[in-house]
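For reference, the structure is listed below as structure tokens.
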Ligand code: PGA
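In my numbering, the protein residues as written are 303 to 536.
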């Protein structure tokens, strides 16, 4: 696990988008693991801009998203909607090649990923409690795609996207930690002071109390932090 500290999210987005685009140029049918949330938005913006400028095609790229809400009543709050509006609608991605965890038969998602050849590059954010995907503290390190109950801190954090906290779904289907660990390369992005504790724990003892700490056992993980998120690291 390699730490890369940059001044701000713009610099991180510039570098991470270059890494994604160079993979797509090298392997036009590569498999991306994608994340939602505020953190990857600047990276997706840079991917869109540079793909247009450099005429890089995503038509054969395949993607598997990390997670999706369960029992969500509002499509505009779904992660499918998020990905369409923040990335897929702006590049020539074929929506048939974009995948989200299903509402049932969860284990099938792991099989689908495996059958496709495995995720070449997985983008991750991190929760204040160290979650990756919706793998909250206590999740088994070898977990596959499963239903997760959201912790109170996560529901509170996600409520900023909803009119009312009561509308935030309380469960989701998420790739498991075991699923994520099978990705060939992982890039975790953390920005802002409210991620500093989680990043400190990510580099601490490997423990189910901080799900992201399992990434220490992954052979090719880059942790991109801005100065604030890295501020508690020695
Ligand atoms: P955020 O979420 O990017 O909106 O901070 C990250 C996460 O919960 O994984």
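Glycine included, C-beta positions come from ideal geometry on N, C-alpha and C.
Output needed for residue i: all residues of its chain with C-beta closer than 6 Å, excluding positions within five of it in sequence on either side, in chain order.
{"i": "residue 320", "result": "none"}
{"i": "residue 399", "result": "364"}
{"i": "residue 517", "result": "303 and 523"}
{"i": "residue 511", "result": "439"}
Quick check on DSSP: helix, strand or coil for residue i?
{"i": "residue 348", "result": "helix"}
{"i": "residue 390", "result": "helix"}
{"i": "residue 402", "result": "coil"}
{"i": "residue 528", "result": "strand"}
{"i": "residue 423", "result": "strand"}
{"i": "residue 340", "result": "coil"}
{"i": "residue 476", "result": "strand"}
Leaving out the 5 sequence neighbours to the left and right, which residues in its chain are closer than 7 Å to residue i when beta-carbon positions are compared?
{"i": "residue 540", "result": "Nothing can be reported for residue 540: it is not among the residues displayed for the chain, which extend from 303 to 536."}
{"i": "residue 505", "result": "535"}
{"i": "residue 325", "result": "332, 422 and 423"}
{"i": "residue 396", "result": "361"}
Considering only the beta carbon of each residue, do residue i and residue j sit closer than 8 Å?
{"i": "residue 330", "j": "residue 369", "result": "no"}
{"i": "residue 367", "j": "residue 402", "result": "yes"}
{"i": "residue 443", "j": "residue 474", "result": "no"}
{"i": "residue 449", "j": "residue 408", "result": "yes"}
{"i": "residue 393", "j": "residue 353", "result": "yes"}
{"i": "residue 349", "j": "residue 323", "result": "yes"}
{"i": "residue 427", "j": "residue 481", "result": "no"}
{"i": "residue 476", "j": "residue 447", "result": "yes"}
Could you name the residues of the same chain whose beta carbon sits closer than 8 Å to that of residue i, not counting the 5 residues immediately before and after it, in chain order?
{"i": "residue 327", "result": "358"}
{"i": "residue 344", "result": "311, 312, 314 and 315"}
{"i": "residue 309", "result": "528 and 529"}
{"i": "residue 458", "result": "467"}
Legend entry - Validate contact between the segment 445 to 464 and the segment 524 to 531 using beta carbons, cut 8 Å, 3 pairs: no
Inset, instruction - Check whether the segment 421 to 440 touches the segment 328 to 345, taking contact to mean three or more Cβ pairs, one atom from each stretch, closer than 8 Å. - result: yes
Legend entry - Cβ contact check for the segment 458 to 467 and the segment 487 to 495: 3 or more pairs under 8 Å: The segment 458 to 467 is not in contact with the segment 487 to 495.
Inset, instruction - Write down every uninterrupted run of the alpha helix (DSSP H) in the segment 481 to 533 whose length is 4 residues or greater and which is fully enclosed by it, in chain order. - result: 498 to 504
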